[in-house]
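Numbering (full-length UniProt numbering), first residue to last: 1 to 561.
A quick write-up on the structure given underneath.
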Amino acid sequence: MATTPDDEGLGRPLSVKEISDRAQAFEWNANIPFKHWLRTTQTLQQEADMYLRDCNFSQAYLLYLRYSTLVVDLLKTHPEYKKTPEAKKALQNKFLTIDVVFKNLEKIKPILERQYDAWKEAQSRQKVKPDDSRQSSAGRPGSSSSYKQHASKDPALSYASRLLDAGENQDLAVELAQKEIQRRDATRKAAKKHGEAHWEQQERRTAGFWENWTQDIADQQAEDEEVFRKQMESTRRNLDQDTNLPLTITRDTTDRPSNPPSVFSYSYPKIARSVPVEYSPWHLKSNETPLSQPARPPKQEAADYSPLVPERPAKTPYPSEPLSHLQVDKQEPQELPTRPPKLSDSNPEPPKKQQGVAFKPAAYLENGEPIRPVFLPRQLRRQFLEIASENTKRGLEMCGILCGTAVNNALFVRCLLIPEQKCTSDTCETENENTMLDYCMEEDLLMLGWIHTHPTQTCFMSSRDLHTQSGYQVMLPESIAIVCAPKFEPSYGIFRLTNPPGLSHILNCTQSSTFHAHSVDNLYTGAEHPPGHVYEHDSLDFYVQDIRPGARNGAAPNKKF
Numbered sequence: 001m002a003t004t005p006d007d008e009g010l011g012r013p014l015s016v017k018e019i020s021d022r023a024q025a026f027e028w029n030a031n032i033p034f035k036h037w038l039r040t041t042q043t044l045q046q047e048a049d050m051y052l053r054d055c056n057f058s059q060a061y062l063l064y065l066r067y068s069t070l071v072v073d074l075l076k077t078h079p080e081y082k083k084t085p086e087a088k089k090a091l092q093n094k095f096l097t098i099d100v101v102f103k104n105l106e107k108i109k110p111i112l113e114r115q116y117d118a119w120k121e122a123q124s125r126q127k128v129k130p131d132d133s134r135q136s137s138a139g140r141p142g143s144s145s146s147y148k149q150h151a152s153k154d155p156a157l158s159y160a161s162r163l164l165d166a167g168e169n170q171d172l173a174v175e176l177a178q179k180e181i182q183r184r185d186a187t188r189k190a191a192k193k194h195g196e197a198h199w200e201q202q203e204r205r206t207a208g209f210w211e212n213w214t215q216d217i218a219d220q221q222a223e224d225e226e227v228f229r230k231q232m233e234s235t236r237r238n239l240d241q242d243t244n245l246p247l248t249i250t251r252d253t254t255d256r257p258s259n260p261p262s263v264f265s266y267s268y269p270k271i272a273r274s275v276p277v278e279y280s281p282w283h284l285k286s287n288e289t290p291l292s293q294p295a296r297p298p299k300q301e302a303a304d305y306s307p308l309v310p311e312r313p314a315k316t317p318y319p320s321e322p323l324s325h326l327q328v329d330k331q332e333p334q335e336l337p338t339r340p341p342k343l344s345d346s347n348p349e350p351p352k353k354q355q356g357v358a359f360k361p362a363a364y365l366e367n368g369e370p371i372r373p374v375f376l377p378r379q380l381r382r383q384f385l386e387i388a389s390e391n392t393k394r395g396l397e398m399c400g401i402l403c404g405t406a407v408n409n410a411l412f413v414r415c416l417l418i419p420e421q422k423c424t425s426d427t428c429e430t431e432n433e434n435t436m437l438d439y440c441m442e443e444d445l446l447m448l449g450w451i452h453t454h455p456t457q458t459c460f461m462s463s464r465d466l467h468t469q470s471g472y473q474v475m476l477p478e479s480i481a482i483v484c485a486p487k488f489e490p491s492y493g494i495f496r497l498t499n500p501p502g503l504s505h506i507l508n509c510t511q512s513s514t515f516h517a518h519s520v521d522n523l524y525t526g527a528e529h530p531p532g533h534v535y536e537h538d539s540l541d542f543y544v545q546d547i548r549p550g551a552r553n554g555a556a557p558n559k560k561f
């Protein structure tokens, strides 16, 4: 697939203030059950950890900040927290890892500030204003300005990655995801062998990330500082020696070959141990006439050869006089000294990784906000109906939780979790939520939505279904609800709440009866592609985990259905 301008990272990083504002831009509603908010905090923390490991600091910062706001400020104001001991205990458990979250926020913030300052400095050096390209394309048929307008505000896309369309690269998305999932599984299983609790694993993973990150650049920083200090000393001495010699000190991060070719070495006067900017290696054959030599300093021995005049940086004129303070000796060849990279400060930039892949938003909410693509195993629905068949025969509903992970800014369902639940002819309510949350935390799974049956009804979202979906979608806008009505046509549907008006209306609805009317239409919409953000794929592996008391898990983990 040919690369277009949209295929590259948008380049414009968000400021800390912009990210912080977006982190606070959610609707806190005490009408949502405490267990749903608790589930939301877990999803936020797990997503933040995933983005941190991918070095997507903007999105990680947003999610960590939103998590801390919920845990520290808001959950304790929920009515259920004040009434039930279980809610208080659950919130206390969240404080086991809050220090790790705060440390991550402290470490990420200066990185974001450096990235944003560097972008502003680069823009100030350009003649074209940063928004000119967007304005020039606005209104043209087929223009991508609408995409940029929304996606440029998305912290998940504000880091350097090649952006691809998920719909046009479904096989690639699944292949990359399954490789990454296998890697994460291996890491998690190794930790389990050492008997670590899931919160200890989370703390160790993030601590290990920062340890590796800081050690790599601390070594580079120490080397850079020493080289740059010597260069500055040499520059001052050279300027004292010859005030007419224009010198430019450049701090550059240009990569040099690991094994540069052998060249003639240079001896420097004791008073000026300068590091040359860059010299092109060359050798004279014995039968060639040497080039004319530049003027030498008084009382210095003449050399047989002299180097070519080094190239100056762009737009800098050559010096009118040769570098007379240099002297050339015949010595054994040695490696050419490297130019110092950009000097790092106390909060250095993370090491640059090879440009990765990120998938563009697959769709947009009614308010224009982008939502990530969700990949769903095509065989999952059939497998769920087999599990629910006994309930279906008895006219009872049944539900399962769609669990998965985020890879390359896309979401992949990889586990069908069957929770403990209470089922009736019109409802199915999960019970013992802590067991479900603990399993997802141990397996590093996000709750991406839910699936349930309508054994006696058609395929639609009931009033109770809408309220259940709001608990999933309030913090994860990509969350989906799958309704299976095996006795009717259509026999299934993949849905999400509209936003607006659906999500906000349901969050503010105080009615609790199974069936009740709403004053607003258009509360939910289809989510399957096209035009939605959900892609069903034949090659995406998944497994079933039944955590109901006495259940037998016949499906081994990672078994493909």
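Glycine included, C-beta positions come from ideal geometry on N, C-alpha and C.
None of these values were measured; they are calculated from a predicted model.
Reference residue i; option with closest CA among the options
i	options	result
G356	Q42, R53, D426, I32	R53
E478	A517, L523, F412, D444	F412
A25	M50, Y67, A48, P13	Y67
H537	R414, L497, W450	R414
I494	D521, G471, N522, I451	I451
C423	C399, L437, G404	C399
D541	K82, T405, K189, T43	T405
F364	A358, V72, I547, T525	It is Tyr, not Phe, that sits at residue 364 in the sequence shown. If we check each option's Cα against that of Y364, T525 comes out closest.
S539	N432, D444, L62, Q379	Q379
R39	K83, V407, M475	M475
N499	Q115, T430, D521, L376	D521
S470	W37, R22, R184	W37
L14	T458, P377, Q115, T41	Q115
F57	A527, R548, K109, A388	K109
R162	H78, N408, Y439, Q473	N408
T468	A23, R12, I32	I32
D21	L62, I401, T43	L62
P549	T435, H516, L176	T435
L385	P486, A410, I480, Q421	P486
F515	S504, P501, Q457, Y535	Q457
R552	H454, E27, L417, I19	L417
Q42	K82, R125, A30, K94	K94
L437	P455, E429, C403	C403
T392	P377, P361, D426	D426
Q123	L164, E86, R12	R12
residue 589	L65, L507, S491, W28	Not covered by the structure: residue 589. The range shown for the chain is 1 to 561.
E420	V101, Q545, E113, S234	Q545
Residues bridged to residue i [DSSP beta-bridge criterion]
i	result
S161	G356
C440	The partner list for C440 (beta bridge, DSSP) is empty, contrary to what the question assumes.
F412	F375, T405
L446	G404
T453	C484
Y364	P370
E390	Per DSSP, none; premise fails for E390.
K422	E429
C399	H452
L417	I401, Q545
Any non-hydrogen atom of the ligand MN closer than 7 Å to residue i Cβ
i	result
L446	Absence of the ligand MN from the depicted structure is noted, as is the absence of any ligand whatsoever, leaving it without description.
Neighbour-count burial assignment, residue i, 16 or more Cβ in a 10 Å radius
i	result
V174	buried
S143	Interpretation of S143 is limited by its pLDDT of 39, a score under 50 that renders its predicted location unreliable; the figure taken from the coordinates is listed afterwards. It counts as exposed.
D117	exposed
A186	exposed
N432	exposed
Q59	buried
K35	buried
Q511	exposed
H194	exposed
N104	buried
A358	buried
K49	For the record, residue 49 in the displayed sequence is Asp; it is not Lys. So D49 counts as buried.
R372	buried
K299	Per-residue confidence for K299 stands at a pLDDT of 48, beneath the threshold of 50, marking its modelled position as unreliable; no derived number is given.
K17	exposed
F375	buried
L96	exposed
E47	buried
E84	Here residue 84 turns out to be Thr, not Glu, going by the sequence shown. Its Cβ having fewer than 16 others within 10 Å, T84 is exposed.
A362	buried
Exercise. Would you call the region 459–469 and the region 355–374 in contact, with 3 or more CB pairs under 8 Å?
Worked result: Counting Cβ pairs under 8 Å, fewer than three are found: no touch.
For this session: Please specify which runs of the beta strand (DSSP E), each continuous and at least 3 residues long, are wholly inside the region 464–551, giving them in chain order.
Result: Listed in chain order, they are 480–484, 492–497, 524–526, 534–537, 543–546.
For this session: Could you tell me which uninterrupted alpha helix (DSSP H) segments, each at least 4 residues in length, are contained entirely in the region 80–120, listed from first to last along the chain?
Result: 85–94, all fully within the region 80–120.
Exercise. Within the chosen definition, does the region 437–446 reach the region 389–396 through at least 3 CB pairs nearer than 8 Å?
Worked result: The region 437–446 makes no contact with the region 389–396, as fewer than three CB pairs between them are under 8 Å.
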